[in-house]
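**Q** Here it is, the structure, as structure tokens.
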Amino acid sequence: MKTSKLKQMPVFKTDEEAENFVDTADLTEYDLSGFKPVHFEFLPKEASINIRLPQVLMSALKEKAKNKAVPYTRYVRHLIEQDLQKSYRD
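What the sequence shown shows, in the numbering used here, is residues 360 to 449, in sequence order.
Set out below in structure tokens:
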């Protein structure tokens, strides 16, 4: 199929939107020529932190992580990584 006949990939606001799209779409109908190979490195976790939070904040954090189906500690790490990446871009 020519790339001119292929659909453009939609832009997703969340990972969940992208996951739902990939689960249901026929990717052969889309122009994937702009995609690049990605390599993920999962570095060992060598450092740890211990923080005290108000119970209401901890409960909200655990609830949000539960809704995303991830352990709350992983969710906290994700939030920290997102904030640091954002500060590098700014």
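Ideal Cβ positions, reconstructed from N, Cα and C, are used throughout, including at glycine. Bear in mind the structure is a predicted one, so any value in this text is a computation, not a measurement.
To the nearest angstrom, how far is it from the Cα of residue 424 to the Cα of residue 370?
**A** Spanning the two alpha carbons is a distance of roughly 24 Å.
**Q** Quick one: what's got a C-beta closer than 8 Å to residue 375's C-beta in the same chain, skipping five residues either side?
**A** Closer than 8 Å at the Cβ level, and outside the excluded window around residue 375, lies no residue.
**Q** By alpha-carbon positions, which one of 422, 432, 377 ends up nearest to residue 404?
**A** Ranking the options by Cα distance to residue 404, first place goes to 432.
**Q** Taking the straight line between their C-alpha atoms, what separation do you get for residue 400 and residue 439?
**A** Near 17 Å, if we compare the C-alpha coordinates of residue 439 and residue 400.
**Q** Within the continuous alpha helix (DSSP H) that includes residue 446, where are the two ends?
**A** Start and end: 431 to 448.
**Q** Terminal residues of the continuous alpha helix (DSSP H) containing residue 379?
**A** 374 to 383 is the extent of the alpha helix (DSSP H) around residue 379.
**Q** Report the partner residues of residue 366 according to the DSSP bridge assignment.
**A** Residue 366 is bridged to 389.
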